[in-house]
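*Asks:*
Residue numbers (my numbering): -8 to 279.
Structure below.
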């Protein structure tokens, strides 16, 4: 049995010979929850954009102020009713976004669409189906989140691995500069998250995730009837919708940066650690 285990580790590049060694970085609850979250967030974003396309504008307050939207994705037509231009309005200022936002091609023809078909789920404008996708994966995300938070607190994963220390805060300026220069931790420093990583994960887990769930619930008339305080907290359903939209794109921004850091700091090593749990430290500083 030991020979089989050693053979599997060798096949994965997890040998104990110099100049590198391996350690078990992520336990199975972290890995499983990570991949469920990744799938859920991808489906939620794309189905959410399809839902948004049903009325591609954002407002503040309890009602829709059509004259003063915070954001609006509009299509302009000619005298014959043909779509000729897509425009994004931000705080009353128009930006030509033809082909991407406001108007994009469907079956070769320019059509009025807030977000293009390649960014939505389903691709066609199908509100009922998009809502079913969205609600199903939203509840899956919430259930997965409850499990992950329970594990994180009970196992002290949050306190041990994610809570920033005084030293992390003191070294934060250096970490920001190092990341900007694409200089990543190596050797023993790569065994643990640095201060910048901890703050980013804490922001997503303890602020962004609860906020996007709470604003999503606030847009539900059923939840508003059961918990009317939600409307008071967020200042109305339209404000909640706008915050929900901002949170969604904050997740997208985090995802893009996260993937970039994974690739730049060692694609295979990072993927392996989130699939098998094993992370390799190379003495020369290469983690790939």
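Yeah, the Cβ is synthetic: ideal placement off N, Cα and C, and Gly gets one too. Only a predicted model underlies this, so the values are computations on that prediction, with no experimental measurement involved.
If the criterion is Cβ atoms closer than 8 Å, does the pair residue 235 and residue 206 meet it?
*Replies:* yes
*Asks:* Suppose you measure from the CA of residue 141 to the CA of residue 67; what does that come to, to the nearest Å?
*Replies:* Note on geometry: alpha-carbon atoms of residue 141 and residue 67 lie some 50 Å from one another.
*Asks:* Locate the beta strand (DSSP E) running through residue 95, then write down its first and last residues.
*Replies:* Here the beta strand (DSSP E) through residue 95 covers 93 to 97.
*Asks:* With a 10 Å radius around its C-beta and 16 neighbouring C-beta atoms as the bar for buried, classify residue 280 as buried or exposed.
*Replies:* Because the chain here runs from -8 to 279, residue 280 falls outside it and cannot be looked at.
*Asks:* Measuring straight from C-alpha to C-alpha, what distance separates residue 149 and residue 143?
*Replies:* Those two C-alpha atoms are separated by around 5 Å.
*Asks:* Whole beta strand (DSSP E) runs in the region 39 to 67 with 3 or more residues, listed along the chain?
*Replies:* none
*Asks:* Which whole-angstrom value describes the C-beta separation of residue 210 and residue 111, a residue pair presumed to lie in contact below a C-beta threshold of 8 Å?
*Replies:* Rounded, the Cβ-Cβ distance is 18 Å, inconsistent with contact.
*Asks:* From which residue to which residue does the alpha helix (DSSP H) around residue 207 run?
*Replies:* 200 to 209
*Asks:* For a test of the three-state rule: what should DSSP assign to residue 235, helix, strand or coil?
*Replies:* In the structure shown, residue 235 sits in a helix (DSSP, three-state: H, G or I).
*Asks:* Considering only C-alpha positions, which residue in the set 202, 244 and 121 is nearest to residue 224?
*Replies:* 202
*Asks:* Taking only heavy atoms of the ligand SAH into account, decide whether any of them is closer than 7 Å to the Cβ of residue 108.
*Replies:* Looking for the ligand SAH in the displayed structure turns up nothing, as the structure carries no ligands at all.
*Asks:* Given this structure, state the Cα-to-Cα distance separating residue 146 from residue 119, to the nearest angstrom.
*Replies:* 40 Å
*Asks:* Apart from the five residues just before and just after residue 26, which ones in its own chain have a Cβ nearer than 6 Å to its Cβ?
*Replies:* none
*Asks:* From residue 88 to residue 238, what does the alpha carbon distance come to, in whole angstroms?
*Replies:* 22 Å
*Asks:* Excluding the five sequence neighbours on either side, which residues of its own chain have a C-beta within less than 8 Å of the C-beta of residue 222, listed in chain order?
*Replies:* 53, 209, 215, 228 and 231
*Asks:* Please list, in chain order, all residues of the same chain as residue 14 whose beta carbon is under 8 Å from its beta carbon, the five residues on each side excluded.
*Replies:* 182, 269, 270 and 272
*Asks:* Could you check how far apart the C-beta atoms of residue 32 and residue 242 are, in whole angstroms? I think they sit under 8 Å.
*Replies:* 6 Å
*Asks:* Could you give the DSSP three-state label for residue 244: helix, strand or coil?
*Replies:* helix
*Asks:* Enumerate, from N- to C-terminal direction, the unbroken beta strand (DSSP E) stretches of 3 or more residues contained entirely within the region 78 to 131.
*Replies:* 84 to 87, 93 to 97 and 100 to 104
*Asks:* Have a look at residue 244 and residue 261 and give me their C-alpha separation to the nearest angstrom.
*Replies:* About 19 Å.
*Asks:* Return the chain-ordered list of same chain residues with a C-beta closer than 7 Å to the C-beta of residue 265, the five sequence neighbours on each side being excluded.
*Replies:* 17, 22 and 25
*Asks:* Buried or exposed: residue 75, going by 16 or more other Cβ atoms within 10 Å of its Cβ?
*Replies:* That one is exposed.
*Asks:* In the region 142 to 180, which residue ranges form an unbroken beta strand (DSSP E) of at least 3 residues, counting only runs that do not cross its ends?
*Replies:* none
*Asks:* Along the chain, where does the alpha helix (DSSP H) that runs through residue 14 open and close?
*Replies:* Segment 11 to 15 is the beta strand (DSSP E) holding residue 14; no alpha helix (DSSP H) there.
*Asks:* Is it buried or exposed for residue 255, if we count other Cβ within 10 angstroms and need 16 for buried?
*Replies:* Classification of residue 255: exposed, given that the 10 Å Cβ count is below 16.
*Asks:* Determine the DSSP secondary structure at residue 192, reduced to helix, strand or coil.
*Replies:* helix
*Asks:* Does chain D have any CB closer than 8 Å to the CB of residue 28?
*Replies:* Among the chains in the structure shown there is no chain D, since it carries only a single protein chain.
*Asks:* Any contact of the region 153 to 165 with the region 182 to 193, i.e. 3+ C-beta pairs under 8 Å?
*Replies:* In short, these stretches touch, since the Cβ pair count reaches three.
*Asks:* Considering only the beta carbon of each residue, do residue 61 and residue 49 sit closer than 8 Å?
*Replies:* In this structure, the beta-carbon distance from residue 61 to residue 49 falls below 8 Å.
*Asks:* The beta strand (DSSP E) spanning residue 263 covers which residue range?
*Replies:* Run containing residue 263: none in the beta strand (DSSP E); it sits in the alpha helix (DSSP H), 258 to 266.
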